[in-house]
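Chemist:
Residue numbers (my numbering): 1 to 409.
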């Protein structure tokens, strides 16, 4: 018998990112600019990192600020969603340009940074990520792989769900989980395949419980007295709601005494220069609104913000009051938190970061009437808000004082 054939080492999965180069709203910086790396999985932004580099830094060195083993591609066409028009991506040969020269040459174009895992066979061809399936023994492998009901749970068109891998939260692997639970005020349980339907069925005193997973959903509307929360003992990063409709809020609160707890709420921007509803939108004339232990993410890319859509993070309309507690509000294209006249908003133990405008915007009085808006800040941190930490008019009231945590929920 001949010698056994050497096995080709398996090709490990790529981790790819979109790399934005341009001065954007930081055009006033004469010697620095912002570089932004957006890590994507299957066309969905998972997280974004922002770095500031000197304009005289070599492009090669600027990229290695994020990862030391990279390849750089340039999108030679116009803006598009990740992995669409992939043929327009070509490898950038000259990465020894300075950042200043690259900005001048490419005008804030969009790049892709290829970050292969160790021992990967590198190729000049950029391919979309392939969704992983659970590993099976070699004896059970076949030429054609199919997914069984145990691997994928097919839901209605208004909701897709996958569960994150524990060892790598940025990667999603299909798995079966429980349905969305509606717990009524009488202790009865009902089960729904979508969050939207469960929320519509909920009345005052009911609780919508969401298990671990990533949900691509239409606008979730909450009526008076409804609680929307993650399942018990599930971290907020593991229950992700991604708005499918950019023209609507991800979560809209339409009644008083609503609680949203333990969720990551994401709304990505459109390339169209238009003002869209906020990530979390609170209607007018409401009270007792609680946003607890949540991440509100606007999916913002800082380069060329003038050509992109705008939306706020958390928006309290006129005469509405509530509390934002133990939350992170980040990557917002307009203002992170907006409060309007005749309302009172408390912001407690919250981090507001990476907003293209103000971290907190306090509205002026209504035309012809109205009183000043009132905001209380307690142990709240502002990080890299380009429009300033707080933008408030003289007639508005913003106070910094210690406030206790909410113990009811």
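All C-beta atoms, glycine included, are put in the ideal place defined by N, C-alpha and C.
Indicate the three-state DSSP secondary structure (helix, strand or coil) for residue 75 in the structure shown.
Modeler: Residue placement at residue 75 is poorly supported in this model, since its pLDDT is 48, which falls under 50; the coordinates still yield a value, given next. In this structure, residue 75 counts as strand in the three-state DSSP scheme.
Chemist: Taking Cβ to Cβ, would you say residue 242 is nearer than 9 Å to residue 269?
Modeler: Contact flag unset, no.
Chemist: Going by beta-carbon coordinates alone, are residue 265 and residue 231 separated by less than 9 Å?
Modeler: Against a cut-off of 9 Å, the Cβ pair of residue 231 and residue 265 comes out as no contact.
Chemist: Is residue 187 buried or exposed, if buried means 16 or more other CB atoms sit within 10 Å of its CB?
Modeler: Exposed, by the Cβ-count rule.
Chemist: How many angstroms separate the CA atom of residue 373 from the CA atom of residue 356?
Modeler: Taking the straight line from one Cα to the other gives about 22 Å.
Chemist: Along the chain, where does the alpha helix (DSSP H) that runs through residue 200 open and close?
Modeler: Counting along the chain, the alpha helix (DSSP H) containing residue 200 begins and ends at 195-201.
Chemist: When the Cα atoms are used, what is the spatial distance from residue 201 to residue 286?
Modeler: Computed Cα separation, rounded: 21 Å.
Chemist: Taking only the alpha-carbon atoms, compute the straight-line gap between residue 389 and residue 359 and give it to the nearest angstrom.
Modeler: So the two alpha carbons sit approximately 5 Å from each other.
Chemist: If you draw a straight line from the C-alpha of residue 181 to the C-alpha of residue 260, how long is it?
Modeler: Those two C-alpha atoms are separated by around 15 Å.
Chemist: Using DSSP's beta-bridge definition, name the partner residues of residue 331.
Modeler: None; residue 331 has no bridge partner.
Chemist: For residue 256, collect the residues of the same chain with a Cβ closer than 6 Å to its Cβ; drop the 5 residues on either side in sequence, then sort them by chain order.
Modeler: Answer for residue 256: 224, 286, 287, 288, listed in chain order.
Chemist: Name the two residues that bound the continuous beta strand (DSSP E) containing residue 188.
Modeler: Where residue 188 is concerned, there is no enclosing beta strand (DSSP E), given that its DSSP letter is neither H nor E.
Chemist: In three-state terms, what does DSSP make of residue 102?
Modeler: Note: residue 102 maps to helix in three-state DSSP.
Chemist: In this structure, how does DSSP classify residue 269 when only helix, strand and coil are distinguished?
Modeler: Residue 269: coil per DSSP, three-state reduction.
Chemist: Among 291, 274, 397, 327, which one has its Cα closest to the Cα of residue 252?
Modeler: It is 291 whose Cα lies nearest to the Cα of residue 252.
Chemist: Which stretch, first to last residue, makes up the beta strand (DSSP E) that contains residue 297?
Modeler: Per DSSP, residue 297 belongs to the beta strand (DSSP E) from 295-297.
Chemist: Which residues does DSSP list as the beta-bridge partners of residue 276?
Modeler: DSSP lists no partner for residue 276.
Chemist: According to the neighbour-count rule (16 or more other Cβ atoms, all chains shown, within 10 Å of its Cβ), is residue 323 buried or exposed?
Modeler: Its Cβ being crowded by 16 or more others within 10 Å, residue 323 is buried.
Chemist: Please report the residue range of the beta strand (DSSP E) in which residue 290 lies.
Modeler: Residues 289-292.
Chemist: Going by DSSP, what residues sit across from residue 249 in a beta bridge?
Modeler: Paired residues: none, contrary to the question.
Chemist: On the criterion of 16 or more Cβ atoms from any shown chain inside 10 Å, does residue 99 qualify as buried, or is it exposed?
Modeler: Burial call: buried.
Chemist: First and last residue of the beta strand (DSSP E) that includes residue 183?
Modeler: Where residue 183 is concerned, the enclosing beta strand (DSSP E) stretches over 180-183.
Chemist: Taking just the CA atoms, how far does residue 229 sit from residue 193?
Modeler: Each residue's alpha carbon lies about 16 Å from the other.
Chemist: Just to confirm my understanding: we take residue 281, look at its own chain, exclude 5 residues before and 5 after, and list those with CB closer than 6 Å. What are they?
Modeler: These residues qualify, in order along the chain: 249, 252, 315.
Chemist: Quick check: the Cα distance between residue 380 and residue 339, rounded to an integer number of angstroms?
Modeler: Computed Cα separation, rounded: 16 Å.
Chemist: Hey, could you find the ends of the beta strand (DSSP E) residue 208 is sitting in?
Modeler: Here the beta strand (DSSP E) through residue 208 covers 207-210.
Chemist: Check the DSSP bridge columns for residue 222 and list the partner residues they point to.
Modeler: BP columns for residue 222 point to 253.
Chemist: Can you find the residues in the same chain that come closer than 6 Å, C-beta to C-beta, to residue 404, ignoring five residues on each side of it along the sequence?
Modeler: Around residue 404: no qualifying Cβ.
Chemist: Suppose you measure from the CA of residue 237 to the CA of residue 218; what does that come to, to the nearest Å?
Modeler: Going from the Cα of residue 237 to the Cα of residue 218 covers about 20 Å.
Chemist: Considering residue 241, what are the terminal residues of the beta strand (DSSP E) in which it resides?
Modeler: Note, residue 241: beta strand (DSSP E), 239-243.
Chemist: Bridge partners of residue 233, per DSSP?
Modeler: Note: residue 233 sits in no beta bridge, so no partner.
Chemist: Going by DSSP, which residues form a beta bridge with residue 374?
Modeler: DSSP output for residue 374 lists 344, 397 as bridge partner(s).
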